[in-house]
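**Q** Sequences listed follow chains A and B, in order.
Quick note on the working numbering: the first sequence kicks off at 15 and runs consecutively.
Quick note on the working numbering: the second sequence kicks off at 1417 and runs consecutively.
No residue lacks a Cβ here, since even glycine has one placed at the ideal position from N, Cα and C.
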Amino acid sequence: MSLNIVVLAKQVPDTRNVGKDAMKADGTINRAALPAIFNPDDLNALEQALRLKEQNPGSTVGILTMGPPRAGEIIRQGLYRGADTGWLLTDRLFAGADTLATSYALATAIKKIGKVDMVIGGRQAIDGDTAQVGPQVAQKLGLNQVTYAEEILSVKDGVATIRRHIDGGVETVEAPLPVVVTVNGSAAPCRPCNAKLVMKYKRATCPMERTEGDPYSYLYDERPYLTLNQWSVADVDGDANQCGLAGSPTKVKAIKNIVFQAKESKRLTAADAEVEELVKELLAEKIIG
Amino acid sequence: MNNVFVYIEIERTEVKEVSQELLTKGRKLANTLGVELHAVVAGAGIKGKVEEQILPYGVDKLFVFDAPELFPYTSAPHTDILVNLFKEEKPQICLMGATVIGRDLGPRVSSSLTSGLTADCTELEIGDYTDAKDGKTYTNLLYQIRPAFGGNIVATIVNPDHRPQMATVRSGVMQKAEYTGDARHEVVYPEVSKYVSPEAYVVKVLEHRVEAAKHNLKGASIVVSGGYGVGSKEGFDQLYKLAKVLHGEVGGSRAAVDAGWIDNDRQIGQTGITVHPKVYIACGISGQIQHLAGMQDSGIIISINSDPEAPINKIADYVIVGTVEEVVPKLIKYYKQNTK
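Given below as structure tokens:
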């Protein structure tokens, strides 16, 4: 059977590579020093979706993302790897969303997309590490969910069979479609970009990404696939009170930079005598042994 | 009404330690607020088997949902139980483990009740909050304190207007202790079908396999931990050797896990395990805050790093400036020589 699959993907600052210039002198985060990347777990999710598309002829994969206009890059990255389409939710009213308001926006967009058999996302995003958005979307849509998936083994007769990790073990479950699946970062890595698809889609943009005087603007009329879907709150018939900061039950009371109490540490080199002296000291004080 | 609830996680009839840790914390919060501590557990064949693992932690009232379909855990039935129970009980706070189950269940419940949920809290406190915009003051809110942005900052999150205030906490972050004060210890066994609709049982678990933990990092008194500076998977072999002679366990930083040098169930840090060993030997770990959050309460910290300015050195008791490759074999050698 053919499947309509929506992949949830997020553009995130690369918090794994926080270098020395990531913090400004005043102790705040220097976002400019952190490159914006495709959230790693979401790439694993995309790979599962693309495999299902291959196994089930006639299936489609669409990338759904929310963010500022530059997050159109996430849709392009999906198209380069074999996705068929994408939707960028972008609107100032979406800004400042916590996980609940984010899931409201995504669920509303999925309703707008229409008939969807599977929604597949990464387990969590590296900028928040909450793992909440997938299940919250499922609940808002009234769908089943399977989280922590390692592999979608098959989809047959409207039932997905999925292997997942649980604490200290594994499970295999069967879930009837439609279903929301979140995929671990340890699942199969995503395939690389396909050179032909990069050629085809490299000028694909959302209207808000475009600037005046774009030398390639003549292409947009000739090739409709170069215009990516861009949706505002109104476009998805959303309730502004449930979006963004207004729709977020959690509020940030305070942010503080972490300052660890520096200790007076004993410094030594790797010289044999110094290492042996340390071992003797630790043994004498019964710290080890 | 207005009590503190803890969702109790089980494997068959065994209560998970993280739930007992949360009960201990929940009892303290309930005492601060002057309310009761309630617990809810759902499983199959658990009546008479789980109560004594739960009540000693200061539980005033325990709700036991027992039906054959409630184990292994699936999302929808457990969500129905909590959502419908919370509609009746209207708790002000709900705590659950930041485990696979807690992180599957918590978001569904919060989405259904439109309440705020904060994942992976490292501290929970009660305090007041004034909204900067409208100046409205709220008293006795739950401060949900967690590292954010890759662990580079600590955020205090509050849920002013929505109840329950929900939070998840990782295993090992709070300490469990049986409660010595008075608690009511009431136990009720509600009829499951009144809470769970038959359509909720649609996801079938074909296979459920749980193995005993391969390591005891959480309870280890000596932890040898490696980071990106270890350099390779083979480099970790030396760490295992050192851990073996010291009778310790081996852990790793997120960088080492991402590099594929060590299994992710051995990751120490905010998004991994929190350890409290007597001795923590950090080998080639720079000390990103997300890592420090999982080991800062160690007794003695020894840092082996070729970078004398590595951030972890600031909180170390001993700093050995040198490569892991060079220093770790020397530690093994001199330990053996001096313990003969």
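In the DSSP assignment, find the unbroken beta strand (DSSP E) run with Arg1625/B in it and report its ends.
**A** Segment 1620-1626, the beta strand (DSSP E) holding Arg1625/B.
**Q** Tell me, which residues are paired with Tyr230/A by DSSP?
**A** Beta-bridge pairing links Tyr230/A to no other residue.
**Q** Relative to the C-alpha of Gln1712/B, which residue among Lys1694/B, Asn1721/B, Gly1543/B is closest?
**A** The shortest Cα separation from Gln1712/B among Lys1694/B, Asn1721/B, Gly1543/B belongs to Lys1694/B.
**Q** Between which residues of its own chain and Ala1458/B is the CB-CB distance below 7 Å, once the five residues before and five after are set aside?
**A** Contacts found: Phe1481, Leu1486, His1494, Ile1497.
**Q** Beta carbons nearer than 7 Å to chain A: which residues of the stretch 1718-1736 of chain B have them?
**A** Within the stretch 1718-1736 of chain B, the residues whose Cβ lies closer than 7 Å to some Cβ of chain A are Asn1729, Lys1730, Ile1731, Ala1732, Asp1733, Tyr1734, Val1735, Ile1736, listed in chain order.
**Q** Look up Asp1679/B in the DSSP assignment and say whether it is helix, strand or coil.
**A** In this structure, Asp1679/B counts as coil in the three-state DSSP scheme.
**Q** In chain B, which residues lie with their C-beta within 8 Å of the C-beta of Val197/A?
**A** Correct list: empty, because the minimum Cβ distance to chain B is about 14 Å.
**Q** Strictly under 8 Å for the Cβ-Cβ distance: is Arg1519/B near chain A by that measure?
**A** Interface residue, yes.
**Q** How is Ile1470/B classed by DSSP in three states: helix, strand or coil?
**A** DSSP places Ile1470/B in helix when its eight states are reduced to three.
**Q** How would you list, in chain order, the residues of chain A whose beta-carbon sits under 7 Å from the beta-carbon of His1406/B?
**A** Outside the modelled stretch of chain B, which goes from 1417 to 1756, sits residue 1406/B, for which no answer is possible.
**Q** If you run the structure through DSSP and keep just helix, strand and coil, what is Thr1495/B?
**A** Thr1495/B: helix per DSSP, three-state reduction.
**Q** Rounded to whole angstroms, what's the CA-CA distance from Asp1653/B to Val1744/B? Just pull it up for me.
**A** Distance between the alpha carbons of Asp1653/B and Val1744/B: 10 Å.
**Q** Report yes if the C-beta distance between Asn208/A and Arg95/A is below 8 Å; otherwise report no.
**A** Yes.
**Q** If you follow the beta strand (DSSP E) that Ile269/A is part of, which residue opens it and which one closes it?
**A** Per DSSP, Ile269/A belongs to the beta strand (DSSP E) from 265-271.
**Q** Pull up the CB-CB distance for Ile1561/B and Val1574/B, whole angstroms please, since I reckon it's below 8 Å.
**A** That pair is no contact at about 10 Å.
**Q** When the cut-off is 8 Å and only beta carbons count, does Ser246/A lie next to chain B?
**A** It does not: the Cβ of Ser246/A has no partner Cβ on chain B nearer than 8 Å.
**Q** So does the stretch 1589-1603 of chain B actually touch the stretch 1470-1481 of chain B, counting three or more Cβ pairs closer than 8 Å?
**A** As far as the Cβ criterion goes, the stretch 1589-1603 of chain B touches the stretch 1470-1481 of chain B, which means the pair count is three or higher.
**Q** At a cut-off of 7 Å, would you count Leu78/A as near the ligand PLP, judging by its Cβ distance to the nearest heavy atom?
**A** As for the ligand PLP, it is missing from this structure, which has no ligand bound.
**Q** Give a yes or no on contact between the stretch 53-66 of chain A and the stretch 111-127 of chain A, applying the rule of three or more CB pairs nearer than 8 Å.
**A** Flag = no, the stretch 53-66 of chain A and the stretch 111-127 of chain A do not touch.
**Q** Output yes or no for whether 8 Å exceeds the beta carbon distance between Val1612/B and Ser1491/B.
**A** Contact flag unset, no.
**Q** Can you pull the chain B neighbours of Pro190/A, defined as C-beta to C-beta under 7 Å?
**A** Residues of chain B passing the Cβ test: Val1618.
**Q** Could you give the C-beta distance for Val1737/B and Arg217/A, rounded to a whole number, given that I count them as a contact under 8 Å?
**A** The Cβ separation is near 52 Å, so there is no contact.
**Q** Could you give the residue range of the beta strand (DSSP E) that holds Met80/A?
**A** Start and end: 74-80.
**Q** Quick check on Asp1550/B - is its C-beta less than 8 Å from some C-beta in chain A?
**A** No - not a single Cβ of chain A is within 8 Å of the one on Asp1550/B.
**Q** From Ala285/A to Glu1665/B, what distance separates their C-alpha atoms?
**A** Each residue's Cα considered, the two are about 26 Å apart.
**Q** Name the residue from Leu1445/B, Cys1699/B, Leu1633/B, Lys1649/B whose alpha carbon lies nearest to the alpha carbon of Trp1677/B.
**A** If we check each option's Cα against that of Trp1677/B, Lys1649/B comes out closest.
**Q** Rounded to whole angstroms, how far is the Cβ of Leu64/A from the Cβ of Arg205/A, which I believe are closer than 8 Å?
**A** About 7 Å; that satisfies the 8 Å criterion.
**Q** Kindly list, in the order they appear in chain A, the residues whose Cβ is closer than 7 Å to that of Asn1754/B.
**A** Within chain A, the residues near Asn1754/B are Val293, Lys294, Leu297.
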